[in-house]
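Using the working numbering, the first residue of the sequence shown is number 1, and each one after it goes up by one. In what follows, a single structure is set out as structure tokens and then discussed.
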Amino acid sequence: MEDENFLLSFDPDAFVSEFSCWSELPSEVKVKILRHLPVPTVDSFKFLSKECLSLASRVPTEMEEVHLNEKGYYLPQNRRSDEKSMVLEINGEEILFTDDGSNGCIVKRSTGENGALVTETEPHYQNETCQSVAMRTLFQLTRNARITKLFIATRLMDEQLERIFEEQSKNTRITCKSLMISTHDARFLLKFLPFIAPGCLLRITAGSPLEPIQFHMDSACFDLDVMRTARIIYITALAGITNDQLPRVRATRIFLRAPEISSCGINHLILVRTTLTQA
């Protein structure tokens with residue numbers, strides 16, 4: 001069952017079983033079995049092979065918090081390392097994606113109570129940035145998951161990260177109740193937000209608290225389902241939302257700086273909300 005070339009080939013903390021007929025079962029039966037296993041067991045099962053990840057991804061899983069952060073993103077510049085790396089944390093388990101210094105990426109997974117990194121096997125991906133490998137892994141591991149809080153922190157887009165977004169199916173959706181994105185690049189928002197399922201609480205910050213910046217958020221972002229259906233919207237970047245787009249936003253609370261919005265757009269929003277209340 002193990003696949004040495006699998007993206008996340010690690011020594012898993014899997015359960016021990018004498019069952020020997022697994023490979024002979026139909027996929028539908030395998031998924032039904034996985035539905036009855038404890039969440040930690042299913043999480044470890046994902047790391048065995050590509051087939052295991054595909055099967056486990058069909059089992060609805062609950063994830064309390066998922067973080068995908070550029071390492072050192074929230075540190076002051078004089079305390080950040082020159083090493084480029086991303087950290088993906090799911091339910092307390094960390095996967096570290098580190099630049100190898102030659103335009104490639106090395107992957108390690110934390111394990112055990114002390115969070116030690118597994119060093120026996122280090123999947124190495126040549127000609128791929130740590131950012132692109134980390135984002136692909138996020139899509140794989142959160143498929144069919146229900147996430148309570150999703151945090152993303154990354155500075156800049158690159159061509160390989162853009163390619164990862166283009167590779168995703170148009171039907172790909174990450175489901176979360178709350179999404180917080182912190183970035184230095186407006187292009188990241190336009191590429192990533194279409195993959196978020198509608199109806200979450202949405203917070204977008206330009207830069208970090210220690211390194212605030214300013215950029216213009218494209219008006220096209222406000223045509224996306226995730227933006228129109230967000231329950232609460234909080235944005236620190238300059239929002240390019242227009243008078244025509246504002247009334248279509250359903251959020252009960254909206255916090256943003258919108259230089260293109262006039263009194264006409266605000267009055268239209270009030271009229272729409274009043275009409276809906278009276279209906």
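Glycine included, C-beta positions come from ideal geometry on N, C-alpha and C.
- Residue burial annotation: E128 is buried, with at least 16 other C-beta atoms found within 10 angstroms of its C-beta.
- Residue pairing from DSSP places I204 in a beta bridge opposite I181 and I235.
- The beta-carbon distance between L179 and L138, rounded to whole angstroms, is 13 Å. This is too long to meet the 8 Å contact definition.
- Between R136 and I164 a beta carbon distance of about 5 Å is seen, short of the 8 Å cut, so the two are scored as contacting.
- Taking G265 as the centre and dropping the five residues before and after it, the same chain places the C-beta of N243 and L246 closer than 6 Å to its C-beta, in chain order.
- By the CB criterion at 9 Å, V249 and L271 fall outside the cutoff.
- For A237, the closest of A230, R253 and P259 by C-alpha to C-alpha distance is P259.
- Classified as exposed, E167 has fewer than 16 neighbouring CB atoms from the shown chains inside 10 Å of its CB.
- According to the DSSP assignment, A153 belongs to no alpha helix (DSSP H) but to the beta strand (DSSP E) extending over A145 to T154.
- If you look at E167, you'll find it in the alpha helix (DSSP H) that goes E159 to E167.
- For V59, there is no enclosing beta strand (DSSP E), as DSSP marks it with neither H nor E.
- Beta bridge pairing from DSSP links T98 with S85 and I106.
- Our two residues, R273 and Y125, have alpha carbons roughly 51 Å apart in a direct line.
- In this chain, the alpha helix (DSSP H) harbouring I33 covers S27 to L34.
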